[in-house]
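Colleague:
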Amino acid sequence: MNAVVVTGLGVVAPHGDDPHALFAALMRGESAIRPVFPELPKPAAAATVDFDAARWFTKLQLAGVDRVSQLAVAAADLAWRDAALVADAVAPERIGVYAGCGMGGAAALETAYRSNNGRVPPLTIPAFMPNAPASHVAMRQRAQGPVLTYSVACASSSLAIAEAAKAVRNGEVDVAIAGGSESLIVPGVVLAWQAMQTLAHFSPNEAATAVRPFAADRSGFALGEGAAFLIFESEDHARRRGATMHATLAGWGSSCDATHLTKPDVEGQARALRQALKSAGLQPHDVGYCNAHGTATRIGDTVERDALATVWGDALDDLRVSSTKALHGHLLGGAGALEAVITVMALREQRLPPNAHCAAIDPACALNLVHESGAQASQLRAAISSSFAFGGTNSVLLFTR
Amino acid sequence: MSSLKELQDLIQEKYGIPSSELDPNASMREKGLDSLALAEFIFEIEDKFGIEVPDDNPNIDTLAELAALVDKVRAAKVA
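Just so you know, the protein sequences line up as chains A and B, in that order.
According to my numbering, the residues represented by the first sequence are 1 to 401, in order.
According to my numbering, the residues represented by the second sequence are 1001 to 1079, in order.
#1: Against chain B, does Gly104(A) count as a neighbour if the rule is that its beta carbon must be under 8 Å from one of theirs?
#2: Taking 8 Å as the cut-off, does the region 42 to 54 of chain A touch the region 83 to 102 of chain A (at least 3 CB pairs, one atom from each stretch)?
#3: At the 8 Å Cβ level, is Gly64(A) part of the contact set with chain B, yes or no?
#4: Does Cys101(A) come out as helix, strand or coil in the three-state DSSP assignment?
#5: Could you run through the region 58 to 85 of chain A and flag, in chain order, every residue whose CB is less than 7 Å away from some CB of chain B?
#6: Does any residue of chain A have a CB that is nearer than 8 Å to the CB of Asp1037(B)?
#7: Pick helix, strand or coil for Leu282(A), following the three-state DSSP scheme.
#8: Kindly indicate which residue of Leu338(A), Lys166(A) and Glu110(A) has the alpha-carbon position closest to the one of Gly188(A).
#9: Which residues of chain B have a Cβ atom closer than 7 Å to the Cβ of Pro122(A), listed in chain order?
#10: Am I right that Glu172(A) and Val68(A) are in contact with their C-beta atoms under 8 Å? What's the rounded C-beta distance?
#11: What separation, rounded to the nearest whole angstrom, lies between the Cα atoms of Gly313(A) and Lys278(A)?
#12: Label Thr259(A) either buried or exposed according to how many other C-beta atoms from any shown protein chain fall within 10 Å of its C-beta, with 16 as the threshold for buried.
#13: Do Leu123(A) and Glu1040(B) have their CB atoms nearer than 8 Å?
#14: Just to check my reading of the structure: Ala326(A) and His293(A) have Cβ atoms closer than 8 Å, yes? What is that Cβ distance to the nearest angstrom?
#15: I'd like to know whether the C-beta of Pro187(A) is nearer than 8 Å to at least one C-beta of chain B.
#16: Which residues, in chain order, does the region 1002 to 1029 of chain B contribute to contact with chain A at a C-beta distance below 8 Å?
#17: Does any residue of chain B have a CB that is nearer than 8 Å to the CB of Pro126(A)?
#18: Specify the secondary structure class of Gly334(A) as computed by DSSP and reduced to three states.
#19: Measuring CB atoms only, is the region 236 to 248 of chain A touching the region 148 to 162 of chain A, in the sense that at least three cross pairs come out at less than 8 Å?
#20: Which same chain residues, not among the five before or five after Gln1008(B), have their C-beta less than 6 Å away from its C-beta?
#21: Would a check of beta-carbon distances place Leu1033(B) closer than 8 Å to chain A?
#22: Mark Pro130(A) as exposed unless 16 or more other C-beta atoms lie within 10 angstroms of its C-beta, in which case mark it buried.
#23: For Leu282(A) and Leu62(A), what's the separation of their Cα atoms in angstroms?
#24: State the Cα-Cα distance for the pair Ala24(A) and Glu1052(B), rounded to the nearest angstrom.
#25: For Gly226(A), count neighbouring Cβ atoms within 10 angstroms of its own Cβ and tell me buried if that reaches 16, exposed if not.
#26: Which same chain residues, not among the five before or five after Phe399(A), have their C-beta less than 8 Å away from its C-beta?
#27: Is the beta carbon of Leu191(A) closer than 8 Å to that of Leu332(A)?
#28: What are the boundary residues of the alpha helix (DSSP H) that includes Val311(A)?
#29: Classify Gln141(A): buried if its beta carbon has 16 or more other beta carbons within 10 angstroms, exposed otherwise.
#30: Using 8 Å for Cβ pairs, my map puts Arg241(A) next to Asn2(A). What's the rounded Cβ distance?
#31: Let's test the definition: count the other Cβ atoms within 10 Å of the Cβ of Thr393(A) and tell me whether it reaches 16, buried, or not, exposed.
#32: For the alpha helix (DSSP H) containing Trp193(A), name the first residue and the last one.
#33: Whole angstroms are fine: how far does the CA of Asp18(A) sit from the CA of Ser387(A)?
#34: Alpha carbon to alpha carbon, what distance is there between Arg239(A) and Thr310(A)?
#35: Per DSSP, which residues does Val287(A) bridge with? Please list them.
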């Protein structure tokens, strides 16, 4: 079977728009989480992107383009350039876009609602619609094949990547631009997440270390915004054009808990983990690193640990685990793609980013966590990236060198 | 009174297109002001002049035509 390989990486993330610089910042344990919206009744923190739209758009092109689409266009374009795909190298109808987005253009909706004279910008709907990012990416890269949006909460972009890989493997497309974007850092959405009781509490001046995955004193996540896209093609296609192959997407698994809308489930997650291993033809002991979903909620982290323990069994102690959400926040629909890029970088650099801010591990989360300074991993051959969504859908991507 | 100069200034301010680059009698669409951008631009015009441009003018394609329409609506408002 023809392998599906990664030939391009693009990020527009809280740690910048260079995957190498992003990975280096994570290795240094730099948190991008900061206080936001001091006017809100409760303290709020998030990891935002320092984005210069003028690098990607003229003022005219920005008409009706929400920030969530702007970030997507930029990240996908960076991935496209990283893959060194030249114009006309691939027939437009053989290029597909597979984009994850949990919510859509939050800023456009917020602006419409807050307009003080009752006048709503006429392009609010096309700016807000969740499939706008995929369409803008398609227009920018002239992708005329399947252009699809996956809205599966926190697993959106992980699933988008898995679906892209299937399309490449089945020969439906020659090149897939796959990833996701999310940009929800507006007061209305932050208030909604606070009401959900899943965001980390923090004392003044301690926003940066508020997210503590698997720690005894964890209290939830912080929202992050950003976009990440990867270019996928078959190994044959990549070889023919002399492309650099960053990694192979060797397997993927998806499942649904089908038990509860928001409460995670050990067996549901275990099914996705097993399926990823099976589809890659690997055993648990073959996998050296897990970039965990690790949202640092009380229940989420213990369920994830138990799911890993169920599948890994005796091999669990040899699996190094970290949740990088402690540093870049939770990108929700963009999380799976950003964390896929980080997992690919870990394989490439043979180094593991830390599970930051975990001074004392919760005994109920007994895992071989990557400690604060990160770790060398010269034997690393395979790594997984997990994404478990509200709605019960679980997605696991398995990359190999 | 013609609104043309004010519209040209607004286009420059909002979209960064100087009046020298947009012939008032040329197609705005060909300059990238497609139907979506035009909808947003008319919204801005309405805000700026405190008017309501009727939305039954799908054939407007040049800035001169748009200026003539804005003139008409502003004149009606004064009258």
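A virtual CB, placed ideally from N, CA and C, is assigned to each residue, including glycine.
All values derive from a computational prediction rather than experimental measurement.
Modeller: Once the coordinates are examined:
#1: As a first step, residue 104(A) must be located in the first sequence, where it is residue number 104. So no, Gly104(A) is outside the interface.
#2: The region 83 to 102 of chain A vs the region 42 to 54 of chain A: no contact.
#3: Taking the first residue of the first sequence as 1, we reach residue 64(A) at position 64. For Gly64(A), at least one C-beta of chain B is nearer than 8 Å to its own C-beta.
#4: One-based indexing of the first sequence puts residue 101(A) at position 101. Here DSSP, grouped into helix, strand and coil, assigns Cys101(A) to coil.
#5: Result list: Thr58, Lys59, Leu60, Ala63 and Gly64.
#6: Taking the second sequence and counting its residues from 1, the one referred to as residue 1037(B) is at position 37. Contrary to the premise, residue 1037(B) reads as Ala rather than Asp in this sequence. Yes, its Cβ sits closer than 8 Å to a Cβ of chain A.
#7: Against the first sequence, residue 282(A) aligns to sequence position 282. Of the three classes helix, strand and coil, the one that applies to Leu282(A) here is coil, per DSSP.
#8: Residue numbering aside, residue 188(A) sits at position 188 when the first sequence is read from its first letter. Looking at the Cα atoms, Glu110(A) is the closest of the given residues.
#9: Here residue 122(A) refers to the residue found at position 122 of the first sequence. Neighbours of Pro122(A) on chain B, chain order: Ala1039, Glu1040 and Phe1043.
#10: The residue given as residue 172(A) occupies position 172 in the first sequence. The residue given as residue 68(A) occupies position 68 in the first sequence. Taking the Cβ atoms as the reference, Glu172(A) lies roughly 26 Å from Val68(A), outside the contact range of under 8 Å.
#11: Mapped onto the first sequence, residue 313(A) falls at position 313. Mapped onto the first sequence, residue 278(A) falls at position 278. Answer to the nearest angstrom: the Cα atoms are 16 Å apart.
#12: Sequence index remark: in the first sequence, residue 259(A) carries index 259 (1-based). By the neighbour-count criterion, in which 16 or more other beta carbons inside 10 Å mark a residue as buried, Thr259(A) falls on the exposed side.
#13: On the first sequence, position 123 is the one that residue 123(A) refers to. On the second sequence, position 40 is the one that residue 1040(B) refers to. Contact flag set, yes.
#14: Locating residue 326(A) in the first sequence gives position 326, counting from the first residue. Locating residue 293(A) in the first sequence gives position 293, counting from the first residue. Rounded to whole angstroms, the Cβ separation of Ala326(A) and His293(A) is 12 Å, and the two are not in contact under 8 Å.
#15: For the purposes of this step, residue 187(A) is taken as residue 187 along the first sequence, with counting starting at 1. Taking Cβ atoms only, chain B never reaches closer than 8 Å to Pro187(A), which makes this a no.
#16: Those residues of the region 1002 to 1029 of chain B that come within reach of chain A (Cβ to Cβ, closer than 8 Å) are Lys1014, Tyr1015, Gly1016 and Ile1017.
#17: Residue numbering aside, residue 126(A) sits at position 126 when the first sequence is read from its first letter. It does; some Cβ of chain B falls within 8 Å.
#18: In the first sequence, residue 334(A) corresponds to position 334, counting from 1. Helix, per DSSP.
#19: These segments do not touch.
#20: Residue 1008(B) sits at position 8 when you count from the first residue of the second sequence. So the qualifying residues of the chain are Ser1019.
#21: Position 33 of the second sequence, counted from the first residue, corresponds to residue 1033(B). At least one beta carbon of chain A lies nearer than 8 Å to the beta carbon of Leu1033(B).
#22: Against the first sequence, residue 130(A) aligns to sequence position 130. So Pro130(A) ends up on the buried side.
#23: The residue you call residue 282(A) lines up with position 282 of the first sequence. The residue you call residue 62(A) lines up with position 62 of the first sequence. About 46 Å.
#24: Working through the first sequence from its first residue, we reach residue 24(A) at position 24. Working through the second sequence from its first residue, we reach residue 1052(B) at position 52. Roughly 54 Å between the two C-alpha positions.
#25: For the purposes of this step, residue 226(A) is taken as residue 226 along the first sequence, with counting starting at 1. So Gly226(A) counts as buried.
#26: Numbered from 1 along the first sequence, position 399 holds the residue referred to as residue 399(A). Excluding positions up to five away in sequence, the list reads Val6, Ala247, Thr248, Leu249, Ala250, Ala340, Thr343, Val344, Leu347, Ala382, Ala383, Ile384 and Ser385.
#27: Counting from 1 along the first sequence, the entry for residue 332(A) is found at position 332. Counting from 1 along the first sequence, the entry for residue 191(A) is found at position 191. Contact: no.
#28: Against the first sequence, residue 311(A) aligns to sequence position 311. Where Val311(A) is concerned, the enclosing alpha helix (DSSP H) stretches over Arg298 to Trp312.
#29: Within the first sequence, numbered from 1, the residue matching residue 141(A) stands at position 141. Gln141(A) comes out buried.
#30: Start at 1 with the first residue of the first sequence, and residue 241(A) comes out as number 241. Start at 1 with the first residue of the first sequence, and residue 2(A) comes out as number 2. Contact between Arg241(A) and Asn2(A) is absent: CB atoms are separated by about 15 Å, not below the 8 Å threshold.
#31: Along the first sequence, one-based indexing puts residue 393(A) at 393. That one is buried.
#32: As a first step, residue 193(A) is located in the first sequence; it is residue number 193 there, counting from the start. Here the alpha helix (DSSP H) through Trp193(A) covers Pro187 to Ala195.
#33: If you number the first sequence from 1, residue 387(A) lands on position 387. If you number the first sequence from 1, residue 18(A) lands on position 18. For Ser387(A) and Asp18(A), the distance between alpha carbons rounds to 23 Å.
#34: Counting from one through the first sequence, the residue named residue 310(A) turns up at place 310. Counting from one through the first sequence, the residue named residue 239(A) turns up at place 239. Those two C-alpha atoms are separated by around 38 Å.
#35: The residue you call residue 287(A) lines up with position 287 of the first sequence. DSSP lists no partner for Val287(A).
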